[in-house]
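First up is the structure itself, then whatever we jot down about it.
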Amino acid sequence: MSSEPEALHSSVFAEAALHMPDILGEIFPLCSIETQEAATHVCMAWRRLTLGPVWRVVHKPLKLLNALSTLNEDRKNFQSVPTPDDWRSFEPVASCVKEIVVDFHSKYIAKAIVQALFRSACVPKPMCANLERFTWKLHDASNAAFTHPLHMIFLHPGLSSLQLHGIPKGISDASVHYRLEDLARAVGNLAPNITDLTITTRTIPISDRTASMGLHIAHVFPLLRHLRTVKLSPCFLTGPVYEALRYATHLESLVAYIDYDPKLRIPSAGDVGRSLEHYVPPRIPQPAFTSLTDITLCMPIEMATGLLSLAHFPAAQLTRLSVRSTGQVIVSNQAVKAFFRAFCLHCPHAAKLIIMLDHPIHPPPVLEDDMQDIDLLDAQTLDPLRDAVQLEELVIRDSRGLIEATEDELLNIMEPLVRLKTLWIAPAPQWQTETRAPGPTYTMGTAKRLIDGHPDLRSLGLYADLLYKFDWQVEDPEPGQLTDLFLGTSPPHPIVLGDEIAMNLATTSRVRPLACSSWYQWGFDKGVFVVEDIEEVLVDGWTEMRFSDRGNQYAVPRRS
């Protein structure tokens with residue numbers, strides 16, 4: 136998250152502010168009345184200085200609520216309903232909070248706490264009037280988590296960013312007390328000025344049930360008229376969502392967002408299904424997406440091609456285009472070639488192209504005889520890309536097999552693309568038993584020729600057979616230019632990594648295996664949520680500094 140460095144930076148100041156020498160507690164009673172009064176004013180100023188660093192970004196909402204009124208030992212309710220005195224003491228804290236993260240790694244805010252806040256007439260709703268960003272991570276939560284409207288305590292018209300991660304599919308059922316549709320409408324009514332919205336799920340779309348959740352999510356978009364960025368799990372990028380957002384006048388980015396946590400290792404969660412009913416383009420009878428520059432299309436490749444050709448679709452203003460093909464297990468070379476032609480013709484300013492041709496998750500069974508007839512990507516299919524001279528990033532992923540283009544053919548296609556900084560043109564072949572690739576592949580010599588022809592290239596993905604030892608024939612090589620090199624799964628030659636790969640890598644480079652890479656690595660926006668909590672000692676230390684006697688504004692607590 137973008138706020139985590141800020142939180143860490145703030146923690147340094149908070150720690151320095153809170154670690155006051157214990158000797159102050161011994162000296163204070165011995166001072167004169169005048170000195171005590173002066174010291175009290177200093178302590179009050181000190182306390183005010185610690186508010187911002189400690190409470191600006193809240194990763195532990197229960198700590199925040201405990202600063203309002205003491206919680207029970209089990210942290211499931213307040214010891215007593217917050218009083219006006221509680222709020223007066225807490226109000227300076229509430230005004231400092233800019234971001235709240237409700238994280239599934241920590242304890243949830245219990246329903247009883249939310250009900251107590253609603254019953255307390257002295258606690259305003261919203262509780263934190265200056266809150267700008269609210270993140271709710273719902274992963275692994277039962278449907279009971281949705282029976283109390285937690286977000287209604289925090290959402291308000293001044294909120295600019297809302298992230299809802301890990302939406303479970305059960306929330307779309309009518310049997311759930313608080314449904315996804317209700318949540319969407321509440322968000323639109325409470326925080327109508329949101330500009331940045333992220334909604335994800337980790338549900339594996341075994342059926343079309345997950346895609347149908349997009350129907351419920353679409354209810355929020357007409358209520359949010361200031362949206363600039365929308366990030367959704369690929370399975371949510373359905374026809375109704377495109378329809379709901381087509382006339383959002385401020386929308387600049389509508390992209391797939393992979394909700395990824397390395398601890399859970401669910402690479403297919405949130406991926407598209409194979410339903411042609413849900414993954415369709417929007418109807419555009421008049422100019423639409425007028426501010427859009429970045430979009431992810433989740434639909435069959437033929438439909439994506441047709442959309443680029445529509446007169447009212449803003450293909451010419453796009454700077455980045457991502458496509459996740461769905462609805463089919465096998466994508467024909469003819470369809471892919473037609474898409475590349477349409478891209479070159481209608482997207483002259485798109486510097487980034489990401490296309491994923493993998494079959495949808497849980498595809499229908501395919502007979503082995505049918506698999507024998509599958510066309511592999513070949514030079515003729517890729518040839519239209521020669522006209523995409525504006526490209527700085529080209530990513531093609533395909534699980535059908537290896538690319539049927541010789542080294543010379545591949546280099547000829549890529550030669551005009553002199554601006555390339557990222558080139559991943561490797562399939563994700565699915566073989567398990569062979570010790571090396573079951574067909575022609577490229578070598579490190581191919582990689583070197585691509586590097587030599589593209590001086591700006593920094594990230595290269597290529598299925599190279601590492602068993603092949605290539606002689607660089609270079610006595611004094613230039614310093615390496617690559618920062619990322621994605622390679623194949625064939626076992627490397629014992630000395631390849633040492634004297635071939637390292638030769639063309641910079642000192643900060645990373646070498647990664649291609650076939651082991653899940654598709655969230657392939658150019659789509661992603662989030663890896665490693666929670667950097669504010670140290671408990673800081674929050675606890677500040678809480679200890681609350682006035683022990685709320686009626687005495689000059690009480691100075693003694694730190695143990």
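Each residue of the sequence shown is one higher than the last, beginning at 136 in our numbering. In this text, a Cβ means the ideal position worked out from N, Cα and C, and glycines have one as well.
Which value, in whole angstroms, describes the spacing of the CA atoms of residue i and residue j?
i           : j           : result
residue 364 : residue 170 : 55 Å
residue 567 : residue 585 : Because residue 567 sits at a pLDDT of 42, beneath the cut-off of 50, its placement in the model cannot be relied upon, and the following sentence gives the value as read from the coordinates. Looking at the two C-alpha atoms, the distance is approximately 29 Å.
residue 779 : residue 526 : No answer is possible for residue 779: the residues shown for the chain start at 136 and end at 695.
residue 490 : residue 219 : 57 Å
residue 515 : residue 472 : 8 Å
residue 479 : residue 267 : 40 Å
residue 258 : residue 270 : 21 Å
residue 492 : residue 255 : 54 Å
residue 418 : residue 434 : 14 Å
residue 589 : residue 458 : 25 Å
residue 512 : residue 237 : 45 Å
residue 470 : residue 523 : 18 Å
residue 505 : residue 465 : At residue 505 the pLDDT is 49, less than 50, meaning the model places this residue with poor confidence and gives no usable figure here.
residue 520 : residue 475 : 6 Å
residue 291 : residue 452 : 33 Å
residue 447 : residue 212 : 54 Å
residue 462 : residue 619 : 32 Å
residue 421 : residue 250 : 47 Å
residue 581 : residue 327 : 53 Å
residue 191 : residue 293 : 16 Å
residue 227 : residue 198 : 15 Å
residue 643 : residue 617 : Summary for residue 643: the model assigns pLDDT 49, below 50, so the residue's position carries little reliability; its value from the coordinates is reported in the next sentence. Cα to Cα, the separation comes out at about 9 Å.
residue 555 : residue 386 : 27 Å
residue 691 : residue 425 : For residue 691, the predicted structure reports a pLDDT of 34, less than 50, and the residue's modelled location is therefore unreliable. A value from the coordinates is still provided. Each residue's Cα considered, the two are about 59 Å apart.
Taking Cβ positions, are residue i and residue j nearer each other than 8 Å?
i           : j           : result
residue 244 : residue 193 : no
residue 287 : residue 321 : yes
residue 392 : residue 333 : yes
residue 413 : residue 450 : no
residue 454 : residue 372 : no
residue 329 : residue 295 : yes
residue 325 : residue 351 : no
residue 444 : residue 477 : yes
residue 460 : residue 510 : no
Within the continuous alpha helix (DSSP H) that includes residue i, where are the two ends?
i           : result
residue 253 : 246 to 254
residue 466 : Neither: residue 466 is in no alpha helix (DSSP H) and is coded neither H nor E.
residue 167 : That residue, residue 167, is in no alpha helix (DSSP H); it is neither H nor E in DSSP.
residue 230 : 219 to 231
residue 460 : From DSSP, residue 460 is part of no alpha helix (DSSP H); its letter is neither H nor E.
residue 197 : 196 to 203
residue 211 : Counting along the chain, residue 211 falls outside any alpha helix (DSSP H), and DSSP gives it neither H nor E.
residue 515 : 514 to 517
residue 580 : 579 to 588
First and last residue of the beta strand (DSSP E) that includes residue i?
i           : result
residue 532 : 528 to 532
residue 237 : 234 to 237
residue 433 : 429 to 433
residue 557 : 557 to 560
residue 268 : 268 to 272
residue 444 : Residue 444 -> not in any beta strand (DSSP E); alpha helix (DSSP H) instead, spanning 436 to 444.
residue 333 : 331 to 334
residue 260 : Careful: residue 260 lies outside any beta strand (DSSP E) and carries neither H nor E.
residue 419 : Per DSSP, residue 419 belongs to no beta strand (DSSP E) and is neither H nor E.
Assuming residue i and residue j are in contact, meaning their beta carbons sit under 8 Å apart, how far apart are those beta carbons, in whole angstroms?
i           : j           : result
residue 369 : residue 353 : Not really, about 16 Å apart at Cβ, beyond 8 Å.
residue 557 : residue 594 : 4 Å
residue 355 : residue 319 : 4 Å
residue 597 : residue 548 : At roughly 13 Å, the Cβ-Cβ gap does not stay under 8 Å, so residue 597 and residue 548 are not in contact.
Below 7 Å, is the gap between the Cβ of residue i and the nearest heavy atom of the ligand SAM?
i           : result
residue 519 : Judged by which ligands are present, the structure shown has none, so any question about the ligand SAM falls away.
Q) Counting Cβ pairs closer than 8 Å, one from the stretch 191 to 207 and one from the stretch 222 to 229, do we hit at least three? A) Of all C-beta pairs linking the stretch 191 to 207 to the stretch 222 to 229, three or more are shorter than 8 Å, placing the two stretches in contact.
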